[in-house]
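Every number in the numbering used here is 1266 more than the matching position in the sequence shown, counting from 1.
Don't be surprised by glycine CBs; every beta carbon is placed ideally from N, CA and C.
Below is one structure; the comments refer to it alone.
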Amino acid sequence: ALVDLISNPQLDDATRRLAAESLGEIGSGNQKAIDALVELIGKPQLNDDIRWQVAESLKEIGSGNQKAIDALVELIRKPQLDDDTRWQAALSLGKIDPGNQKAIDALVELIGNPQLDNSTRRLAAESLGEIGSGNQKAIDALVELIGKPQLNDDIRWQVAESLKEIGSGNQKAIDALVELIRKPQLDDDTRWQAALSLGEIEPGNQKAIDALVELIGKPQIDDFTRWQATSNLGKIGSGNQKAIDALVELIGKPQMDDDIRWRAASNLGKIGSGNQKAIDALVKLIGKPQLDDSIQRLGALSLGKIDSGNQKAITALVGLIGKPQLDDDTLWQVAEGLKEIMLEEQMPSVVTVLKDYLSPETYKNDFERFDICYEVIWKCAQSMPYPAFYQAWHQQEKVKDGE
1267 ALVDLISNPQ
1277 LDDATRRLAA
1287 ESLGEIGSGN
1297 QKAIDALVEL
1307 IGKPQLNDDI
1317 RWQVAESLKE
1327 IGSGNQKAID
1337 ALVELIRKPQ
1347 LDDDTRWQAA
1357 LSLGKIDPGN
1367 QKAIDALVEL
1377 IGNPQLDNST
1387 RRLAAESLGE
1397 IGSGNQKAID
1407 ALVELIGKPQ
1417 LNDDIRWQVA
1427 ESLKEIGSGN
1437 QKAIDALVEL
1447 IRKPQLDDDT
1457 RWQAALSLGE
1467 IEPGNQKAID
1477 ALVELIGKPQ
1487 IDDFTRWQAT
1497 SNLGKIGSGN
1507 QKAIDALVEL
1517 IGKPQMDDDI
1527 RWRAASNLGK
1537 IGSGNQKAID
1547 ALVKLIGKPQ
1557 LDDSIQRLGA
1567 LSLGKIDSGN
1577 QKAITALVGL
1587 IGKPQLDDDT
1597 LWQVAEGLKE
1607 IMLEEQMPSV
1617 VTVLKDYLSP
1627 ETYKNDFERF
1637 DICYEVIWKC
1647 AQSMPYPAFY
1657 QAWHQQEKVK
1667 DGE
C-alpha cells in the first residue's frame, strides 16, 4: 500500500514524505520498498525535503543494496542539491556502504564550503566521524577544519570527537589535538573533549593528561566539566602518577561536591592499581564517619580493585550491609562489590558476620537483606573448603547492625 501510495502522482508532498518515512521504518531489506524509494529520489521535480527523507529511509532499509547505493551516489552528484540533503545522502551512503569514498568526498567537500552554515558543518563533521574510520582524506579535512581560527567551539568540540572515532594512531590527528589543547582561549568543554580524544587515539599521551589535570584543578570550573574531566582521566590515565595525584587531591578536598568525589574514587579504581598514594587516599576516604553511603561503597570497591584483598575495603562493605537505612539497590551493589573483591582467606570472617542475618526474623521483616546475605554466603560456600565454611558458620562471634 505504501509503495503504491508513494508513486501516486496526485499525492500531496506532506503525505508522500510521511509514506517515505514509514517505508524506512517497516521496509528493512524489502526490495519493493527500496525500489520505490530509489524511483522516487530520482524524480527531477521532487523537492529537497522529500529527497532528504528518502535518503534517510534508504539508510535504514538499504544496507548493502546496490540499487540504493547507486541512487545515493547519483543524488550526491546533483549540483543544485541543498546542503542539508547532500549531507544526509552522504551519511546514508556511508552507512549502507561503509568506507564508500564518494560519501566521504561529499562530506569533505561540504565541510570545506565557506558558505556552509554552522549547523550543517557540525553535522558533516559528525558524519565523517561515523563513516570515515582510518580514511586519510576524512582525517585531513577534520584537521584542516579544527585549525581554522574563526571556527566556533561547538564545531571544534565535534571535530575533536570525530577525530577520536577515526584517527587512532594518526600523527596528523594527534598533532592537531595537541595544538588545539594549547589554545589559551579554548572553552573548557572543548578542551576536555580534545584531551579525551588525544588520549584515546594515542594512549598515555602526557599532554592530554596534563590538560585534564589542569582543568580539574581550576577553582572556577563548573561541576559538570570537572566531572567529565575526572571521568576522562579514568579512561586515559592508567598508571600515570600525575593523573593519580590529581584524583587523590580531589578526593581530599573538604568542599568538593559528592558526585565528583564519587567519580574520583571510581576512577582511582581504574587507574591506580597497586599505587600506594591511591590506596592511602581510599583508606582515608572510607574511614570518614560522616561519609555518604554510596561514596563509601564505591571507595571500598575501588580500594579492593587496586589493592586486592584490602581488609579495610572488605570491612567497610560488610559494615554497609548491616546499615538498616540502606536502600535495596545500594544493598545489592554492596553485595556484588563484596563478591567481586573478597579473597578466599577473607571469606570466613564475612560468613561469621553475615550469617546472623539469615534468621527467621530477618526473613520476615527484611527479606531483601536476608536474600543479599544469603547470596554472599552462598558465594563463600562455593569457594571455601567445607571444614573452613563449617567452622566460620559455627563461630559464636556476633556483630550487630552497622558495627
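- Assignment of Asn1384 by DSSP, reduced to helix, strand and coil, places it in the helix class.
- A direct Cα-Cα distance of roughly 7 Å separates Thr1596 from Ser1560.
- DSSP, reduced to helix, strand and coil, places Ala1439 within a helical segment of the structure shown.
- In this structure, the alpha-carbon of Tyr1623 lies about 37 Å from that of Ser1497.
- Its chain contains Val1304, Ile1307 as the residues whose beta carbon lies nearer than 6 Å to that of Ala1337, once the 5 sequence neighbours on both sides are disregarded; these appear in chain order.
- Ala1334 has its alpha-carbon roughly 22 Å from the corresponding atom of Ser1399.
- Residue state for Gln1451 is assigned as coil, using DSSP reduced to three classes.
- Excluding its 5 nearest sequence neighbours in each direction, Ala1407 has C-beta neighbours in its own chain below 6 Å: Val1374, Ile1377, listed in chain order.
- Taking 8 Å as the cut-off, the beta carbon of Ala1280 is found no closer than this to the beta carbon of Ile1272.
- By the Cβ-count criterion, Arg1343 is exposed, with fewer than 16 other Cβ atoms from all chains shown falling within 10 Å of its own Cβ.
- The shortest C-alpha to C-alpha distance from Lys1571 to any of Ser1539, Ala1544, Val1600 is the one to Ser1539.
- Take the alpha-carbon of Lys1508 and the one of Gln1661: they are about 46 Å apart.
- Just measuring C-alpha positions, the residue of Leu1464, Glu1641, Ser1649 sitting nearest Ala1442 is Leu1464.
- The residue among Asp1637, Ile1412, Gln1402 with its C-alpha nearest the C-alpha of Ala1391 is Ile1412.
- By the Cβ neighbour-count rule, Asp1524 is exposed, with fewer than 16 other Cβ atoms within 10 Å of its own.
- In this structure, Ser1428 lies away from Leu1382, with their beta-carbon atoms at least 8 Å apart.
- Under the DSSP assignment, Asp1594 falls in the alpha helix (DSSP H) whose first and last residues are 1594-1607.
- Secondary structure of Leu1620 (DSSP, three-state): helix.
- Between the stretch 1585-1600 and the stretch 1624-1631 there are fewer than three C-beta pairs closer than 8 Å, too few to call the two in contact.
- Inter-residue distance for Ala1601 and Ala1439 is about 44 Å (C-alpha atoms, whole angstroms).
- The beta carbon of Asp1315 sits closer than 7 Å to the beta carbons of Arg1283 from its chain, once the five residues preceding and following it are set aside; these are given in chain order.
- Taking 8 Å as the cut-off, the beta carbon of Val1514 is found closer than this to the beta carbon of Lys1543.
- Rounded to whole angstroms, the gap between the alpha carbons of Val1479 and Pro1469 is 16 Å.
- The beta carbon of Leu1551 sits closer than 6 Å to the beta carbons of Ile1517, Gly1565 from its chain, once the five residues preceding and following it are set aside; these are given in chain order.
- One Cα belongs to Glu1396, the other to Ile1405, and the distance between them is close to 12 Å.
- Listed in chain order, the non-local C-beta contacts of Arg1635 below 8 Å within the same chain comprise Ile1587, Leu1597, Tyr1623, Thr1628, local neighbours out to five positions each way being set aside.
- For Gln1494, the enclosing alpha helix (DSSP H) stretches over residues 1489-1502.
- When the alpha-carbon of Asn1576 is set against those of Lys1484, Arg1563, Met1608, the nearest one is in Met1608.
- When the Cα atoms are used, Lys1578 and Glu1287 turn out to be separated by approximately 58 Å.
- Note on geometry: alpha-carbon atoms of Leu1277 and Ile1292 lie some 20 Å from one another.
- Residue state for Gly1538 is assigned as coil, using DSSP reduced to three classes.
- The residue among Asp1593, Gly1435, Trp1659 with its C-alpha nearest the C-alpha of Val1616 is Trp1659.
- Contact annotation: Ile1370 and Lys1403 have beta-carbon atoms nearer than 8 Å.
- The beta carbons of Ile1482 and Ala1512 sit about 5 Å from each other, so the pair counts as a contact at 8 Å.
- Around the beta carbon of Gln1424, 16 or more other beta carbons sit within 10 angstroms, so the residue counts as buried.
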